[in-house]
Amino acid sequence: MANKVTDQKSVLVDLTKCVGCGSCTVACKLWNNQSFQNPQSEEFENAHGEDVKLDSNTWTTVQHMRVQKDGQEVWRFVKRQCMHCLEPACSSVCFAHAFHQTEQGAVQYDPELCVGCRYCMIACPFDIPKYEWEKVMPSVMKCQFCSSKLADGEAPACASVCPTNALMFGNRDEMLAKAHEIIDNDSRYLNHVYGEKEVGGTSWLYISDVDFGELGFPTDLPEKSIPKNIHGFTRFTLPIFAVGALTWTGVSLYAKRRHAVAHEGHAAEHKSEE
Amino acid sequence: MEKRKELENKGMSRRRFLSVMAGAGVVGAAATMTGCSPVSDPSGTGWLPNQYRNASAIPSQVKGRVPLDPDNVSLVRNDEKCILCGQCIEACEKVQSVFGYYELPVHDDFICVHCGQCSLWCPTGAIKERSVVEEVWNAIQDPETKVIVQTSPATRVGIGEEFDMGAGAWAEGQMVTALRKLGFDVVVDTNFSADLTIMEEGSELVERVTKGGVLPQMTSCCPGWVKFVEYYYPELIPNLSSARSPMMMHGSTLKTYNADKLGIPYKKIVNVAIMPCLAKKFEISRHQFHGLEGGAGQYHEDPDVKDMDYVLSVRELADMIRKYLPGEDFANFEEGQYDQIGSTAGLIFGNSGGVMEAAVRSAYYLITGSNPPELLYNLEPVRGLEGIKRASVNIPGVGDVKVVVASGLANARQMCEEIKSGKADFHFLEVMACPGGCIAGGGQPRTAVPPQDWVRQARTDTMYNHDKIGNVNGTSVGGGNAGQNAVKTGNLRLSHANPQITDIYDNFLEKPLSHLAHELCHTTYEDRSGSLTRKEV
Ligand code: SF4
Ligand code: SF4
Ligand code: SF4
Ligand code: SF4
Ligand code: SF4
Ligand code: SF4
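Respectively, the protein sequence lines represent chains G and V. According to numbering that gives the first Met the number 0, the first sequence is numbered sequentially starting from 0. According to numbering that gives the first Met the number 0, the second sequence is numbered sequentially starting from 0.
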């Protein structure tokens with residue numbers, strides 16, 4: 000159920016302070032009991048590196064980016080996860096009401112309520128929710144802003160472990176003030192707090208010394224929240240989904256079959272080795 | 000279930016949704032969507048170490064872990080095993096003063112000197128060496144190659160711990176036998192090239208002291224330390240001895256002089272080193288040791304040759320023994336002999352203070368022409384596990400030579416600051432990146448985690464005990480009757496008295512610091528300070 004957001008929390012990510020240690024990605028997995036196995040390839044993968052993607056087991060990644068700055072290549076590391084929009088598009092399109100905001104502003108997703116329509120995946124401007132293709136009863140998965148920790152007055156797992164304080168946690172107004180203070184006192188920063196205004200504002204805020212577009216952030220987002228833009232659209236959800244589901248189901252059945260076949264092959268090999 | 004009810008009231012439920020789907024003729028939907036939903040607490044139920052369960056960061060508590068390049072040549076980390084205990088970052092920052100000593104943002108490097116101390120501290124084994132066991136095994140199997148293996152001084156007091164022989168057990172002979180059983184073609188001893196290093200580095204010191212060169216001279220045999228200087232103190236590069244590390248001198252002379260002696264074409268030689276060290280894996284990757292820049296490459300004018308091909312840590316050698324000599328009883332192997340000898344001055348290179356002591360013994364000889372007095376055989380002030388040790392040695396004709404020995408890079412940093420500020424009054428600085436020296440190197444067995452002084456002490460003591468008796472065990476490369484004649488050396492505690500050192504100078508290198516010696520036994524360094532912005536300390 001939608002609570003009132005009375006205690007809006009925020010994480011301020013200072014991209015100039017990230018050293019790419021990946022501690023935050025490990026903390027997320029530890030706290031959320033997630034495997035390091037890529038659900039598609041079944042390979043064990045770290046969630047930080049050059050070629051990392053969010054998936055249903057991986058709610059946050061730290062991407063190693065090589066970008067140009069003042070005519071030189073520099074490295075920056077970009078943590079990605081759900082932005083926890085103040086007015087979340089994912090939630091507004093979800094006719095199953097699987098999303099709700101906690102008092103601290105965490106956009107929490109409840110797999111128990113999800114019907115698996117994947118409409119949130121299309122609606123999210125940051126391409127965050129990921130589908131559990133590998134499961135019989137797939138859910139959509141994403142960062143939950145460690146909502147129970149937040150409710151207990153703790154920082155989210157990822158922010159609590161960051162050795163360089165690249166991830167700062169607190170009330171959103173304080174974090175915004177801090178962001179502006181940092182920017183105002185250091186000319187190396189761009190004068191832009193990403194997430195302050197984008198899509199009506201987000202709980203996660205970023206500051207950087209390198210253009211956000213080069214770091215893979217969408218830069219063409221409206222300042223108005225998406226729910227306001229697409230209001231009234233969701234009544235078409237069911238018919239649209241019915242058509243879409245046909246395709247998706249086919250794809251996922253095919254994928255599952257391929258896995259099964261691969262596994263049988265594998266098992267047979269093992270047998271013959273013994 | 001409560002939530003479901005609410006939703007049913009709202010007119011949408013999983014059941015209703017499915018019936019809509021069925022109505023739409025989406026038969027397959029049932030295949031993916033029926034059954035029980037895996038109900039999990041969506042807000043996290045896992046575990047994190049206690050220091051993280053706070054509203055925000057408590058600065059005094061250990062946080063996070065050290066950043067490691069996924070392509071680090073020395074180390075790999077398995078995130079699945081990491082519990083965010085923070086030991087690695089503690090070792091890197093507090094013991095080594097590497098992490099946390101550069102300003103952010105980073106430039107274009109994961110700052111690391113490859114000392115491997117983090118891998119010794121990591122309680123779960125998440126951080127470990129980048130293994131080349133397979134590659135070395137394949138080289139041994141290849142009938143086209145001759146694989147020559149050298150073993151660093153400290154390996155013989157480490158390897159036994161992997162086979163239940165106790166901390167600091169002397170396992171030199173067993174290790175040689177194991178290497179032969181594994182199929183290495185020639186087994187040589189880095190103690191020999193440590194002697195060679197003493198000749199070159201000692202001569203360099205004598206020259207600097209007597210001719211007014213840049214002082215204090217700093218040792219250069221630890222690649223972790225060398226990279227540390229290149230990152231943080233490039234202004235002190237002129238103080239670094241230009242002498243290569245023993246391993247690298249060995250590499251180049253094996254593919255030149257010894258290749259001829261052994262009658263093996265240099266192109267067929269694969270040089271492997273067993274090291275207590277992970278920084279050595281980085282060292283062999285330095286471009287200064289490859290192709291026309293390298294010693295052997297320069298000598299043969301061959302761009303394809305590398306002075307050293309592989310480095311195996313002591314832990315990897317143990318893995319190799321367990322894998323390829325399964326069921327064999329290492330501890331009771333008969334004691335084999337090297338195809339080469341090194342003095343016990345070379346042996347004690349493995350201890351912090353050992354290079355200094357060996358250098359002083361031979362510098363005395365190089366300056367005075369006679370062997371040092373008894374006192375210099377037991378240079379107590381530079382022995383032991385203390386982080387910074389100072390001593391003064393009187394050498395007739397030169398006067399008091401002041402020396403400092405530091406181990407652990409945080410201690411070395413203090414000495415660098417002392418030199419930078421102009422307050423240093425000493426002539427010679429020995430630095431080993433690992434606390435206690437290579438006997439506690441990042442590639443040694445994880446006998447106590449985190450590393451403990453009682454293990455370090457046991458290993459150090461064993462080394463000095465064998466120096467006391469001048470314990471030397473080997474034959475000569477390609478010499479005598481096909482290398483099988485044991486060289487009877489008895490009490491060999493002086494690098495310059497090693498007959499094989501005399502041999503390589505008489506028949507090949509001419510004299511220390513000769514043109515050829517420069518080509519094969521010395522190197523250059525590079526300023527890496529552009530990879531970071533130093534924090535003022
Ligand atoms: S980032 Fe996407 S998934 Fe997260 S709250 Fe915003 S719309 Fe929803
Ligand atoms: S807030 Fe919690 S769930 Fe989200 S990325 Fe951080 S650790 Fe993971
Ligand atoms: S823990 Fe902090 S420094 Fe490390 S990768 Fe995450 S944000 Fe970057
Ligand atoms: S190898 Fe040494 S320098 Fe590199 S991360 Fe580990 S402790 Fe730090
Ligand atoms: S020491 Fe090992 S387990 Fe602990 S934080 Fe570092 S990598 Fe993780
Ligand atoms: S002290 Fe020895 S083991 Fe440690 S990094 Fe230096 S050479 Fe390697």
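Glycine included, each C-beta is placed from N, C-alpha and C at the ideal position. Bear in mind that the values here come from a model prediction, so they are computed numbers and not experimental data.
Residue i versus residue j: straight-line alpha-carbon distance, rounded
i: G/A178; j: G/G200; result: 14 Å
i: V/V269; j: V/F183; result: 10 Å
i: V/T532; j: G/G215; result: 26 Å
i: G/K134; j: G/M140; result: 12 Å
i: V/V403; j: V/A432; result: 14 Å
i: G/H83; j: G/D151; result: 18 Å
i: V/G22; j: G/L112; result: At V/G22 the pLDDT is 39, less than 50, meaning the model places this residue with poor confidence and gives no usable figure here.
i: V/A457; j: V/G294; result: 37 Å
i: V/E206; j: V/L239; result: 14 Å
i: V/F162; j: V/E333; result: 15 Å
i: V/E525; j: G/Q67; result: 24 Å
i: V/V547; j: G/P87; result: Summary: the structure shown does not reach residue 547 of chain V, with chain V confined to residues 0 through 536, and so no result is reported for it.
i: V/G345; j: V/G335; result: 19 Å
i: V/N410; j: G/E197; result: 49 Å
i: V/N484; j: V/I340; result: Reliability fails at V/N484, whose pLDDT of 38 lies under 50, so the model's placement of it is uncertain and no value is given.
i: V/F443; j: G/P137; result: It is worth fixing the name first, because residue 443 of chain V is Gln in this sequence and not Phe. Going by the C-alpha atoms only, they are around 47 Å apart.
i: V/Y100; j: V/R382; result: 29 Å
i: V/R129; j: V/R76; result: 9 Å
i: V/S96; j: V/I468; result: 38 Å
i: V/N350; j: G/H63; result: 39 Å
i: G/E180; j: G/S186; result: 11 Å
i: V/I418; j: V/L519; result: 29 Å
Neighbour list for residue i in chain V, Cβ cutoff strictly below 8 Å
i: G/W203; result: Simply none; closest approach about 16 Å.
i: G/E122; result: Inspection of the sequence shows that residue 122 of chain G is occupied by Ala rather than by Glu. Here the premise fails: no neighbours, minimum Cβ distance about 17 Å.
i: G/K16; result: L103 and P104
i: G/C84; result: The premise fails here: G/C84 is roughly 17 Å from chain V at the closest Cβ pair, so nothing lies under 8 Å.
Cβ shell of residue i (< 7 Å), same chain only, five flanking positions each side left out
i: V/V135; result: V271, Y309 and L311
i: V/Y186; result: It should be pointed out that residue 186 of chain V corresponds to Val in this sequence rather than to Tyr. So the list reads V148, V175, L178, R179, Y337 and D338, once near-sequence residues are dropped.
i: V/M307; result: M246, M247, G250, N270, A272, I283 and F288
i: V/R445; result: L119
Contacts that residue i makes with chain G (C-beta to C-beta distance below 9 Å)
i: V/G157; result: Simply none; closest approach about 29 Å.
i: V/I88; result: C20, S22 and P162
Spatial neighbours of residue i in its chain, beta-carbon cut-off 6 Å, leaving aside the 5 residues before and after
i: G/M167; result: L11
i: V/Q216; result: L204, R207, S240 and F427
i: G/Q7; result: G104 and R171
i: V/R389; result: V403
i: G/V127; result: Checking the sequence shown, residue 127 of chain G turns out to be Ile, not Val. Excluding positions up to five away in sequence, the list reads C81 and K141.
i: V/G407; result: V94, G386 and P434
i: G/P226; result: E86, A88 and S91
Chain V contact residues for residue i, given Cβ-Cβ distances below 9 Å
i: G/F211; result: Here the premise fails: no neighbours, minimum Cβ distance about 15 Å.
i: G/R75; result: P104 and V105
Chain V residues whose Cβ lies nearer than 7 Å to that of residue i
i: G/K148; result: G43
i: G/E72; result: D107
i: G/G152; result: A54
i: G/D208; result: P104
Neighbourhood of residue i by C-beta, 8 Å cutoff - its chain only, sequence neighbours within 5 removed
i: V/N393; result: D399 and V400
i: V/Y323; result: W136 and L181
i: G/W58; result: C27, N31, Q33, Q80, C81, M140, K141, C142 and Q143
i: V/K62; result: Q50, Y51, A56, G85 and I88
8 Å Cβ cut-off: residues of chain G touching residue i
i: V/L83; result: S22, V25, A26, L29 and V160
i: V/L47; result: A26, L29, W30, A156, S159 and V160
- Item | Heavy atoms of ligand 5 versus C-beta positions, residues under 7 Å | V/R64, V/V65, V/R76, V/K80, V/C81, V/I82, V/L83, V/C84, V/G85, V/Q86, V/C87, V/I88, V/C117, V/W120, V/C121, V/P122, V/T123, V/A125 and V/I126
- Query: Name the residues in the segment 51–81 of chain V whose C-beta lies less than 7 Å from a C-beta of chain G; which are they?
  - Reply: Y51, R52, N53, A54, S55, A56, K62, G63, R64, V65, P66, P69, D78, E79 and C81
- Query: Taking any Cβ of chain V, which residues in the segment 8–39 of chain G have a Cβ under 7 Å from it, in chain order?
  - Reply: T15, K16, V18, G19, C20, G21, S22, V25, A26, L29, W30, N31, N32 and F35
- Message: Closer than 7 Å between the C-beta and any heavy atom of ligand 2: which residues qualify, listed along the chain?
- Response: G/C23, G/A26, G/C27, G/W30, G/N31, G/W58, G/T59, G/Q80, G/C81, G/C142, G/Q143, G/F144, G/C145, G/P155, G/A156, G/C157, G/A158 and V/G43
- Using a beta-carbon distance cut-off of less than 7 Å, what residues from the segment 505–519 of chain V approach chain G? none
- Task: Taking only beta carbons into account, state which residues of the segment 346–374 of chain V come closer than 7 Å to chain G, listed in chain order.
- Result: none
- Query: In chain order, what residues of the segment 38–61 of chain G put their CB closer than 9 Å to some CB of chain V?
  - Reply: F43, E44, N45, A46, H47, G48 and E49
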